[in-house]
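Visitor: Chains as they are written, first to last, in the numbering used here: chain A, 65 to 360; chain B, 65 to 360.
We put the beta carbon where it would ideally sit given N, CA and C, even for glycine.
One structure follows; several queries about it will come next.
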């Protein structure tokens with residue numbers, strides 16, 4: 065199967081769900097609604113929504129209940145990028161070749177559009193309570209979404225990452241914490257919510273969390289590996305930028321070969337857990353491999 | 065009754081509920097947890113939590129279900145102040161005589177602590193789904209919280225306020241929009257959630273929303289009035305600062321006397337609706353009067 069083609073197809077599929085939930089750009093507060101939609105429409109591979117829908121399918125899920133969560137997870141991912149790009153954070157003016165939200169709409173609107181997206185993600189996800197009132201799986205999915213996005217999830221990782229900049233001296237435990245939370249937490253949320261709403265037992269949800277944790281960590285280590293060996297053109301950023309920015313990385317702790325090996329080991333462990341489940345979704349397996357063994 | 069004494073007593077009561085939900089300051093992400101708690105503990109009169117608990121009591125509410133919402137509304141109010149104070153927004157270094165969150169913890173941490181509080185508010189409120197699983201009133205309360213805090217509520221008002229700065233030329237409709245959303249929306253959320261969880265019918269919730277809308281607007285107009293006539297020392301800020309900042313105000317549109325009259329009219333209309341309900345909470349009536357007829 066041509067994974068890139070398949071992914072593009074699935075991305076347009078989830079875009080259909082996401083677009084349905086975007087706010088109409090009208091009213092006195094139009095600017096923030098435009099800024100929110102601009103941030104979402106700026107693109108991205110929609111990895112998290114696709115992980116969610118594919119895990120949902122793995123467990124035989126087929127209802128309408130997933131759609132608000134698909135939109136919500138992408139809103140949360142997007143708000144985190146909008147705030148990350150702010151001058152007080154990474155100070156990035158470009159993302160995927162387009163002006164970042166604050167570069168286009170001003171810094172105040174960048175802050176407010178991020179706040180707006182985070183809040184709107186919960187508004188959107190909470191609409192699932194109307195689709196299946198009283199369904200305890202919806203309650204659980206909402207709680208996982210909130211927990212994995214917050215200070216014990218993504219925001220927590222982001223905080224420690226910000227504090228560790230230009231600090232070669234941080235411990236490997238601390239680096240693991242950043243990696244597991246900053247990127248890992250939303251990958252976990254995506255797959256766990258797919259599993260919960262797809263009908264998984266709580267043991268199965270735990271296994272999916274393990275799969276996602278390993279893949280999230282492998283994904284981040286691969287990032288470090290690519291920063292050292294990647295082709296500048298393919299990667300779209302300067303190779304060796306981590307070293308130049310004095311950013312602590314896995315490669316610095318473990319060396320290049322051991323880091324590469326770790327990516328492979330984590331991926332195989334994740335896929336072994338996934339394939340131990342009495343269900344099958346070959347595309348999901350392919351997707352996990354692709355996420356970590358990519359060359360850009 | 066001595067309303068200030070009574071209010072201080074009630075504030076310490078709701079503080080008990082709020083503190084129970086504050087995160088423990090430990091783990092690698094400790095800094096953001098400290099910044100969040102610092103922002104909440106910096107004080108404030110806890111008007112929104114008290115409005116919530118008093119409206120809950122009005123409808124005979126007496127269960128544990130309210131506490132997570134009491135904490136959540138104060139977290140949302142607090143995050144909005146933390147982000148408002150940022151350099152790209154109002155650029156305030158002091159609030160209630162203490163350094164603002166970003167002044168104390170740095171700008172990046174100010175952004176992240178605000179994000180953390182907003183997200184944690186939903187984590188906290190969503191814990192109510194475990195207290196009374198399947199209760200449709202909890203679902204409704206969660207949706208009201210999200211809606212009134214977001215781009216169709218508080219954030220929407222904040223956006224238009226930011227865009228209207230230094231613009232004497234805005235329309236009165238636009239000013240009404242700002243006033244109704246920026247401050248009004250969270251007052252509505254507080255009272256509506258109290259009503260919903262207290263057992264109000266949907267007609268009664270609508271009436272409470274009207275009461276809160278009128279009080280919220282009166283509260284804002286009174287702010288404009290006090291900016292012109294208030295005693296500098298009582299008010300704690302420079303009188304006439306709105307005019308100096310070229311801030312559009314109600315007094316500019318309607319004049320001082322008509323504005324004062326409007327505050328009284330809105331307050332009496334609100335109290336008439338409230339007293340038309342077949343329930344009584346004299347303290348709530350006093351509180352509403354105090355909110356708008358204050359001299360600081």
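1. Tell me whether the beta-carbon of residue 289 (chain B) lies closer than 8 Å to the beta-carbon of residue 315 (chain B).
2. Quick check on residue 95 (chain A) - is its C-beta less than 8 Å from some C-beta in chain B?
3. By the three-class DSSP mapping on this structure, what secondary structure does residue 246 (chain B) have?
4. Would you grab the beta carbon distance between residue 205 (chain B) and residue 260 (chain B) for me? Rounded to a whole angstrom, and I think it's under 8 Å.
5. Compare the beta carbon distance of residue 143 (chain A) and residue 174 (chain A) with 8 Å and say whether it is the shorter of the two.
6. Measuring straight from C-alpha to C-alpha, what distance separates residue 106 (chain B) and residue 183 (chain B)?
7. Going by DSSP, what residue range makes up the alpha helix (DSSP H) through residue 68 (chain B)?
8. Against chain A, does residue 219 (chain B) count as a neighbour if the rule is that its beta carbon must be under 8 Å from one of theirs?
9. What residues are listed by DSSP as bridge partners for residue 176 (chain A)?
10. Going by the beta-carbon positions, is the gap between residue 181 (chain A) and residue 215 (chain A) smaller than 8 Å?
11. What's the C-alpha gap between residue 152 (chain B) and residue 287 (chain B)?
12. Pick helix, strand or coil for residue 163 (chain A), following the three-state DSSP scheme.
13. Among A:274, A:293, A:257, A:242, whose alpha-carbon lies nearest the alpha-carbon of residue 312 (chain A)?
14. Would you mind giving the Cβ-Cβ distance between residue 130 (chain B) and residue 104 (chain B), rounded to the nearest angstrom? I have them listed as a contact below 8 Å.
15. Below 8 Å on C-beta distance, what does residue 210 (chain A) contact in chain B?
16. For residue 158 (chain B), write down the residues that DSSP places opposite it in a beta bridge.
17. If you reduce the DSSP assignment to three classes, tell me which class residue 310 (chain A) lands in.
18. For residue 156 (chain B) and residue 199 (chain A), I'd like the C-alpha separation in whole angstroms.
19. Tell whether a beta-carbon distance below 8 Å holds between residue 55 (chain A) and residue 334 (chain A).
20. Grab me the residues of residue 121 (chain B)'s own chain with a C-beta within less than 6 Å of its C-beta, minus the 5 sequence neighbours each way, in chain order.
21. Identify the contact partners of residue 176 (chain B) in chain A, using a Cβ-Cβ distance below 9 Å as the criterion.
22. Find the residues of chain B that neighbour residue 238 (chain A), judging by a C-beta separation of less than 7 Å, and give them in chain order.
23. Quick one, are the C-beta atoms of residue 219 (chain A) and residue 176 (chain B) less than 8 Å apart?
24. Could you list which residues in chain A have their beta carbon closer than 7 Å to that of residue 171 (chain B), in chain order?
25. Closer than 7 Å: is that where the CB of residue 145 (chain B) sits relative to any heavy atom of the ligand SAH?
26. Compile a chain-ordered list of the residues in the segment 99-129 of chain B whose CB is closer than 8 Å to at least one CB of chain A.
27. Mind checking if residue 193 (chain A) is an interface residue toward chain B, Cβ cutoff 8 Å exclusive?
28. I need the straight-line Cα distance from residue 217 (chain B) to residue 102 (chain A), nearest angstrom please.
29. Starting from the beta carbon of residue 180 (chain A), find every residue of chain B whose beta carbon is closer than 7 Å, and list them in chain order.
30. Considering residue 228 (chain A), what are the terminal residues of the alpha helix (DSSP H) in which it resides?
31. Run down chain B in chain order and give the residues with a C-beta less than 7 Å from the C-beta of residue 241 (chain A).
32. Does the separation of the CB atoms of residue 207 (chain A) and residue 246 (chain A) fall below 8 Å?
33. Whose C-alpha, out of A:252, A:238, A:342, is nearest the C-alpha of residue 317 (chain A)?
34. By DSSP, does residue 341 (chain B) sit in helix, in strand, or in coil?
35. What is the DSSP secondary structure of residue 270 (chain A), counted as helix, strand or coil?
36. Can you tell me the Cβ-Cβ gap for residue 114 (chain B) and residue 71 (chain B), rounded? I've got them flagged as a contact below 8 Å.
Guide: Result, derived from the coordinates:
1. As a position in the second chain, residue 289 (chain B) is number 225, starting the count at 1. As a position in the second chain, residue 315 (chain B) is number 251, starting the count at 1. In contact: residue 289 (chain B) and residue 315 (chain B) (Cβ atoms closer than 8 Å).
2. The residue given as residue 95 (chain A) occupies position 31 in the first chain. Closer than 8 Å: yes.
3. The residue labelled residue 246 (chain B) in the question sits at position 182 within the second chain. The DSSP-derived three-state label of residue 246 (chain B) is helix.
4. The residue you call residue 205 (chain B) lines up with position 141 of the second chain. The residue you call residue 260 (chain B) lines up with position 196 of the second chain. About 5 Å separates the beta carbons of residue 205 (chain B) and residue 260 (chain B), which is inside the 8 Å limit, making them a contact pair.
5. Your numbering for residue 143 (chain A) matches position 79 in the first chain. Your numbering for residue 174 (chain A) matches position 110 in the first chain. In this structure, residue 174 (chain A) does not lie closer than 8 Å to residue 143 (chain A) by Cβ.
6. To locate residue 106 (chain B), count along the second chain from 1; it is residue 42. To locate residue 183 (chain B), count along the second chain from 1; it is residue 119. The straight-line gap separating the alpha-carbon atoms of residue 106 (chain B) and residue 183 (chain B) is approximately 19 Å.
7. On the second chain, residue 68 (chain B) is found 4 positions in, with the first residue counted as 1. Where residue 68 (chain B) is concerned, the enclosing alpha helix (DSSP H) stretches over 67-85.
8. Residue numbering aside, residue 219 (chain B) sits at position 155 when the second chain is read from its first letter. Closer than 8 Å: yes.
9. Along the first chain, read from residue 1 onward, the residue named residue 176 (chain A) stands at position 112. DSSP lists no partner for residue 176 (chain A).
10. For the purposes of this step, residue 181 (chain A) is taken as the residue at position 117 of the first chain. For the purposes of this step, residue 215 (chain A) is taken as the residue at position 151 of the first chain. No; because the gap between Cβ atoms is not below 8 Å, this pair is not in contact.
11. Within the second chain, residue 152 (chain B) is the residue found at index 88, counting from 1. Within the second chain, residue 287 (chain B) is the residue found at index 223, counting from 1. So the two alpha carbons sit approximately 24 Å from each other.
12. Along the first chain, one-based indexing puts residue 163 (chain A) at 99. Correct three-state label for residue 163 (chain A): strand.
13. In the first chain, counting from the first residue as 1, residue 312 (chain A) sits at position 248. Of the listed residues, the one whose Cα sits closest to residue 312 (chain A) is A:242.
14. Residue 130 (chain B) sits at position 66 when you count from the first residue of the second chain. Residue 104 (chain B) sits at position 40 when you count from the first residue of the second chain. The Cβ separation is near 18 Å, so there is no contact.
15. One-based indexing of the first chain puts residue 210 (chain A) at position 146. The answer, in chain order, is 183, 186, 187, 190.
16. Taking the first residue of the second chain as 1, we reach residue 158 (chain B) at position 94. According to DSSP, residue 158 (chain B) bridges with B:163.
17. Position 246 of the first chain, counted from the start, is the residue given in the question as residue 310 (chain A). DSSP places residue 310 (chain A) in coil when its eight states are reduced to three.
18. Here the question's residue 156 (chain B) lines up with position 92 in the second chain. Here the question's residue 199 (chain A) lines up with position 135 in the first chain. Their Cα atoms are separated by approximately 45 Å.
19. Coverage of chain A is limited to positions 65 through 360, which leaves residue 55 (chain A) absent and any answer about it impossible.
20. Here residue 121 (chain B) refers to the residue found at position 57 when the second chain is read from its first residue. Result list for residue 121 (chain B): 345, in chain order.
21. Residue numbering aside, residue 176 (chain B) sits at position 112 when the second chain is read from its first letter. Neighbours of residue 176 (chain B) on chain A, chain order: 147, 153, 215, 219, 222, 223, 226.
22. Working through the first chain from its first residue, we reach residue 238 (chain A) at position 174. The answer, in chain order, is 92.
23. Position 155 of the first chain, counting from 1, holds the residue named residue 219 (chain A). Position 112 of the second chain, counting from 1, holds the residue named residue 176 (chain B). Yes. Within cutoff.
24. In the second chain, counting from the first residue as 1, residue 171 (chain B) sits at position 107. Chain A residues near residue 171 (chain B): 152.
25. Ligands are entirely absent from the displayed structure, and the ligand SAH is therefore not among its contents.
26. Taking 8 Å as the Cβ-Cβ cut-off against chain A, the residues of the segment 99-129 of chain B that qualify are 100.
27. To locate residue 193 (chain A), count along the first chain from 1; it is residue 129. Yes, residue 193 (chain A) counts as interfacial toward chain B.
28. As a first step, residue 217 (chain B) must be located in the second chain, where it is residue number 153. As a first step, residue 102 (chain A) must be located in the first chain, where it is residue number 38. So the alpha carbons of these two residues sit roughly 20 Å apart.
29. As a first step, residue 180 (chain A) is located in the first chain; it is residue number 116 there, counting from the start. Under the 7 Å cutoff, chain B gives 214, 215, 219.
30. Taking the first chain and counting its residues from 1, one reaches residue 228 (chain A) at position 164. That run of the alpha helix (DSSP H) goes 218-228.
31. Numbered from its first residue, the first chain carries residue 241 (chain A) at position 177. Those within 7 Å of residue 241 (chain A) in chain B are 92.
32. Here residue 207 (chain A) is taken as the residue at index 143 of the first chain, counted from 1. Here residue 246 (chain A) is taken as the residue at index 182 of the first chain, counted from 1. Going by C-beta atoms, residue 207 (chain A) is not nearer than 8 Å to residue 246 (chain A).
33. Numbered from its first residue, the first chain carries residue 317 (chain A) at position 253. Nearest option by C-alpha distance: A:238.
34. As a working mapping, residue 341 (chain B) is identified with position 277 in the second chain. Of the three classes helix, strand and coil, the one that applies to residue 341 (chain B) here is coil, per DSSP.
35. Mapped onto the first chain, residue 270 (chain A) falls at position 206. In the structure shown, the three-state DSSP call for residue 270 (chain A) is helix.
36. Mapped onto the second chain, residue 114 (chain B) falls at position 50. Mapped onto the second chain, residue 71 (chain B) falls at position 7. Sure, about 7 Å apart at Cβ, within 8 Å.
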